[in-house]
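Trainee: Below: one structure in structure tokens.
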Amino acid sequence: GAVAIAASVTLLVVGYFAFQGSGPTQYQTAYGETTKFTLPDGSTVTLNTSSMASFEEDTWKENRQIQLEGEAYFEVARGARFTVSLDENTQVEVLGTRFLVRQRENYLTVACYEGLVGVNSADGQDSLRAGSILRYDGDSLAIAEVEVLRPEWIINPGATSFKDAPLGEVLHALEAQYGVKVLAITGVDVSRPYSGSFVNSDIKLALRMVTEPLSLSYEEISDGNYRVY
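If you read the sequence shown in this note's numbering, its first letter stands for residue 12, the second for the next number, and so on.
Below is the structure:
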């Protein structure tokens with residue numbers, strides 16, 4: 012189902028590629044990188060690994076829209092308002108708050124750290140207050156509490172953390188961080204919740220940190236390709 016999200020934002024990041032010219036201004040991170048940039052209205056955006064964001068700087072006042080692929084943390088300037096577009100069906104309307112948006116494959120996550128985020132979907136309307144997180148896996152939508160004030164990768168860039176996240180979402184995060192493929196064999200429940208973290212500098216240690224708490228194992232089947240069983 013389509014998911015439309017209304018929210019407020021501010022952003023921060025560490026490492027990036029910026030592309031400018033006659034077209035949109037574009038920021039892109041490679042595997043294992045993050046970057047931070049500022050929007051024309053003073054809002055900041057922190058782009059996580061394997062992500063891309065673009066916007067039209069010359070026409071910002073008329074077209075306040077950001078295209079996002081991947082994951083970003085937003086800190087919206089006071090009074091600023093814009094839209095974050097993930098695809099033709101999924102948008103985040105910024106009204107002035109701090110929140111995170113992450114879309115990897117079929118998994119959408121929105122976490123509100125300050126203010127209020129309104130979520131409209133085919134299943135109805137929901138409001139995310141500060142301290143709430145929404146997860147949508149393409150079939151079902153769930154809202155839970157989030158216990159941190161900012162994303163863990165902002166607070167501790169050396170690790171990626173999750174609380175009750177579907178295993179499938181965690182495996183996609185591993186792929187984005189390390190530029191590898193991680194496949195779960197038939198019979199592994201990728202909807203199973205995972206709470207914990209993995210390091211961002213050692214793929215094999217990261218895989219152990221994810222699989223062992225769930226009584227799972229992994230193996231490298233070829234260079235850059237891993238199987239979880």
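Heads up, the beta-carbon is just placed ideally off N, CA and C, and yes, glycines get one too.
#1: Can you look up Val-159 in the DSSP assignment and give me helix, strand or coil?
#2: Only counting the same chain, and skipping five residues up and downstream in sequence, which positions put a Cβ closer than 8 Å to that of Gly-207?
#3: How about Ala-83 and Thr-57: are their beta carbons less than 8 Å apart?
#4: Threshold first: 4 residues or longer. Then list the alpha helix (DSSP H) segments lying entirely within the region 145-208, N to C.
#5: Let me confirm a value: Ala-41 is counted as buried when at least 16 other C-beta atoms fall within 10 Å, else exposed. Which label applies?
#6: Give me the residue from Glu-104, Trp-164, Ala-122 with the minimum Cα distance to Val-112.
#7: Say whether the region 178-186 touches the region 150-167, bearing in mind that this needs 3 or more beta-carbon pairs closer than 8 Å, one atom from each stretch.
#8: Hey, how far is the Cα of Val-25 from the Cα of Thr-36?
#9: Between the Cα of Ser-228 and those of Ser-54, Asp-150, Val-193, Asp-98, spot the shortest distance and give me the residue it belongs to.
#10: Tell me the residue span of the alpha helix (DSSP H) that contains Arg-219.
#11: Ala-187 and Ser-61 look like a contact to me (Cβ under 8 Å); what is the Cβ gap, rounded to whole Å?
#12: Is Leu-111 helix, strand or coil by DSSP?
#13: Which of the three DSSP states, helix, strand or coil, is assigned to Leu-139?
#14: Taking all protein chains shown into account, do 16 or more other C-beta atoms lie within 10 angstroms of the C-beta of Lys-72, making it buried, or fewer, making it exposed?
#15: So, helix, strand or coil for Leu-225, using DSSP?
#16: According to DSSP, Glu-82 sits in a beta bridge with which residue or residues?
#17: Closest by CA to Asp-150, which one among Ser-233, Asn-117, Ala-195, Thr-101?
#18: DSSP state of Ala-17, grouped into three classes?
#19: Considering Cα atoms alone, identify which of Arg-115, Ala-153, Arg-109 is closest to Glu-141.
Mentor: According to the structure data:
#1: Translated into positions along the sequence shown, residue 159 becomes position 148. In the structure shown, Val-159 sits in coil (DSSP, three-state: anything other than H, G, I, E or B).
#2: Along the sequence shown, read from residue 1 onward, the residue named residue 207 stands at position 196. Counting only residues of its own chain and dropping the five nearest sequence neighbours on each side, Gly-207 has a CB closer than 8 Å to the CB of Ser-172, Phe-173, Met-220, Val-221, Pro-224.
#3: Stepping through the sequence shown from its first residue, residue 83 is reached at position 72. Stepping through the sequence shown from its first residue, residue 57 is reached at position 46. For Ala-83 and Thr-57, yes; Cβs fall inside 8 Å.
#4: Runs of the alpha helix (DSSP H) spanning 4 or more residues and lying entirely within the region 145-208 occur at 163-166, 178-189, in chain order.
#5: Translated into positions along the sequence shown, residue 41 becomes position 30. Exposed.
#6: One-based indexing of the sequence shown puts residue 112 at position 101. Val-112 has its Cα closest to that of Ala-122, out of Glu-104, Trp-164, Ala-122.
#7: Touching, no.
#8: Numbered from 1 along the sequence shown, position 14 holds the residue referred to as residue 25. Numbered from 1 along the sequence shown, position 25 holds the residue referred to as residue 36. Summary for Val-25: the model assigns pLDDT 33, below 50, so the residue's position carries little reliability, and this model does not support an answer.
#9: Along the sequence shown, one-based indexing puts residue 228 at 217. Nearest option by C-alpha distance: Val-193.
#10: For the purposes of this step, residue 219 is taken as the residue at position 208 of the sequence shown. Note, Arg-219: alpha helix (DSSP H), 214-222.
#11: On the sequence shown, residue 187 is found 176 positions in, with the first residue counted as 1. On the sequence shown, residue 61 is found 50 positions in, with the first residue counted as 1. Right, their Cβ atoms sit about 4 Å apart.
#12: Residue mapping note: residue 111 aligns to position 100 of the sequence shown, counting from 1. Strand.
#13: What you label residue 139 is simply residue 128 of the sequence shown in a count that begins at 1. Note: Leu-139 maps to strand in three-state DSSP.
#14: Position 61 of the sequence shown, counting from 1, holds the residue named residue 72. It counts as exposed.
#15: Against the sequence shown, residue 225 aligns to sequence position 214. Helix, per DSSP.
#16: Reading the sequence shown from its first residue, position 71 is the one you call residue 82. Its beta-bridge partners are Arg-113.
#17: Position 139 of the sequence shown holds residue 150. When each option's Cα is compared against that of Asp-150, the closest is Asn-117.
#18: Walking along the sequence shown from the start, residue 17 turns up at place 6. Caution applies to Ala-17, whose pLDDT of 43 falls short of 50 and renders its modelled position unreliable; the value that the coordinates give is listed next. Ala-17 falls in the strand class under three-state DSSP.
#19: On the sequence shown, residue 141 is found 130 positions in, with the first residue counted as 1. According to the sequence shown, residue 141 is Ala rather than Glu. Nearest option by C-alpha distance: Arg-109.
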